[in-house]
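Protein chains in written order, with the working numbering: chain A, 138 to 204; chain B, 138 to 204; chain C, 138 to 204; chain D, 138 to 204; chain E, 138 to 204; chain F, 138 to 204.
Number of protein chains: 6
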Amino acid sequence: MPYVNIKITREGVTADQKARLIQGATQLLVDVLGKNPQTTVVVIDEVDTDNWGIGGESVTLRRARGS
Amino acid sequence: MPYVNIKITREGVTADQKARLIQGATQLLVDVLGKNPQTTVVVIDEVDTDNWGIGGESVTLRRARGS
Amino acid sequence: MPYVNIKITREGVTADQKARLIQGATQLLVDVLGKNPQTTVVVIDEVDTDNWGIGGESVTLRRARGS
Amino acid sequence: MPYVNIKITREGVTADQKARLIQGATQLLVDVLGKNPQTTVVVIDEVDTDNWGIGGESVTLRRARGS
Amino acid sequence: MPYVNIKITREGVTADQKARLIQGATQLLVDVLGKNPQTTVVVIDEVDTDNWGIGGESVTLRRARGS
Amino acid sequence: MPYVNIKITREGVTADQKARLIQGATQLLVDVLGKNPQTTVVVIDEVDTDNWGIGGESVTLRRARGS
């Protein structure tokens, strides 16, 4: 019954990588808390780099600066 | 003042269906808790089927398998 | 498979009212989109009135002012 | 270490405006709580006007009506 | 820089289990996407069983019925 | 109409500090995007330090280590 939300920047993540995130997050809840995987939901949000900030500036600007 | 967030898979939901979700969720808060509809916010997130997992796999794969 | 999150102020909502919110939100997804209720998740967050703001001030202050 | 999520309607917000939201939200956490800006995350979600409801109807309809 | 939110029912999860969820979710992002663990944030929300619904009823009721 | 969610660790934040976060976040949306403060919602979530992870470990452990 757990719900896991993973937010990452939108930078070419493949369907296969998303499948691994879903599988891994679900298995984590099974391993640590014995949760039922059949009702475990994982939602991945991909966020444009203009819309993600850290250190007070967008990831777009950080990438451009080479940080 | 309530805030309702509805997350569903992105599978051709129409503007009319979204309008009914917004109307219904707002009315629910009025009916059950007497909330003011004028300040009740509803946000609908549509999520790609690659990005939604249940049972450890994406909805894309489940749909392909006929689950 | 939908996920619904309802955020309301923490002001004495009863277990019965929460049950009605869960039932109503689930039925809404069934009625409008034909979703399977067995995998529809509803999570209610109750938020202290100090922690909820609207119009630039907390609900605690608004309640005290009679708004 | 704070996490700030700003949800707004998708109506032509520019990269510069997003940068100001990121800068301002980060600075707010520094000013009020002395948080470290280097680990303060800001995520901006832009939501289609069909998917945002207030007063029981979508923002698309409200804009069309001139509200 | 990823942000992971894990929502589970509040049913006696220990600090050690939470530490394992944090460690595991962070490592998952490192393994699958090569993310920097130092800026990966994990937030665990524990939700009262009255406030979590599935199948149209609260987890409290389901537990009482033995589901 | 914007919705702002601020997540911080639960470490003795006062009602006055919360009021300043609400006022500041609301003003930010007014200044940058010209939003109406009367329908701008701010929700502050305080998260136990056991439940917040960064760098693969909980804030509780980081505080104990002096990080």
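Positions of the beta carbon are idealized from the N, C-alpha and C atoms, including for glycine.
As the structure is a prediction and not an experimental result, all values here were calculated from the model.
**Contact set between glycine 161/F and chain E, taken where Cβ atoms lie within less than 7 angstroms** = Under the 7 angstroms cutoff, chain E gives no residues; its nearest Cβ is about 22 angstroms from glycine 161/F.
**Asked** What does valine 178/C touch in chain A if you count any residue whose Cβ is under 9 angstroms from its own?
**Response** Met138, Tyr140, Thr176 and Val178
**Prompt:** Leaving out the 5 sequence neighbours to the left and right, which residues in its chain are closer than 6 angstroms to proline 139/F when beta-carbon positions are compared?
**Reply:** Leu166, Lys172 and Thr177
**Item:** Where the region 178–192 of chain C meets chain F: residues whose CB sits under 7 angstroms from a CB there
**Value:** Val184, Asp187, Asn188, Trp189, Gly190, Ile191 and Gly192
**Message:** Could you compute how far the alpha carbon of glycine 192/A sits from the alpha carbon of threonine 163/D?
**Reply:** 7 angstroms
**Item:** Whole-number beta carbon distance between valine 141/D and valine 141/F, since they are thought to touch under 8 angstroms
**Value:** 7 angstroms
**Asked** Quick one: what does DSSP say alanine 185/E is sitting in, helix, strand or coil?
**Response** In the sequence on display, residue 185/E carries aspartate and not alanine. DSSP places aspartate 185/E in coil when its eight states are reduced to three.
**Message:** I'd like to confirm the pairing. Which residues does DSSP put opposite isoleucine 191/E in its beta bridges?
**Reply:** Val178/C and Glu194/E
**Message:** Strictly by DSSP, which residues pair up with isoleucine 159/D?
**Reply:** Paired residue(s): none; isoleucine 159/D is not in a bridge.
**Request:** Classify valine 150/D as helix, strand or coil using the three-state DSSP reduction.
**Result:** coil
**Pairwise C-alpha distance: aspartate 185/C and serine 195/C** = 10 angstroms
**Prompt:** From alanine 201/E to isoleucine 159/A, what does the alpha carbon distance come to, in whole angstroms?
**Reply:** 30 angstroms
**Request:** Determine the chain C residues that contact glutamate 194/E at a beta-carbon separation under 9 angstroms, and present them in chain order.
**Result:** Ala156, Ile159, Gln160 and Thr163
**Prompt:** Considering only residues of the same chain and omitting the five flanking positions on each side of glycine 190/C, which have a CB-CB separation below 8 angstroms?
**Reply:** Val196
**Message:** For asparagine 188/E and proline 174/C, what's the separation of their Cα atoms in angstroms?
**Reply:** 16 angstroms
**Prompt:** Got a sec: is the Cβ-Cβ distance from leucine 198/F to anything in chain D below 8 angstroms?
**Reply:** no
**Request:** Say whether chain F places a C-beta atom closer than 8 angstroms to the C-beta of valine 169/D.
**Result:** yes
**Asked** For chain D, is any of its Cβ atoms less than 8 angstroms away from the one on alanine 201/B?
**Response** no
**Bridge partners - lysine 144/C, DSSP secondary structure assignment** = Tyr140/B and Asp182/C
**Asked** Do you know how far the Cα of isoleucine 143/F is from the Cα of aspartate 153/D?
**Response** 22 angstroms
**Message:** Using a Cβ-Cβ distance cut-off of 8 angstroms, determine whether lysine 144/A contacts chain D.
**Reply:** yes
**Request:** Can you grab the Cα-Cα spacing for the pair aspartate 182/E / threonine 151/E, in whole Å?
**Result:** 13 angstroms
**Cα-Cα separation between glycine 203/E and arginine 199/B, rounded to whole angstroms** = 28 angstroms
**Item:** With 16 other Cβ atoms within 10 Å as the buried cut-off, status of glycine 161/B
**Value:** buried
**Message:** Quick check: what's the CA-CA separation for glycine 149/F versus valine 169/C?
**Reply:** 44 angstroms
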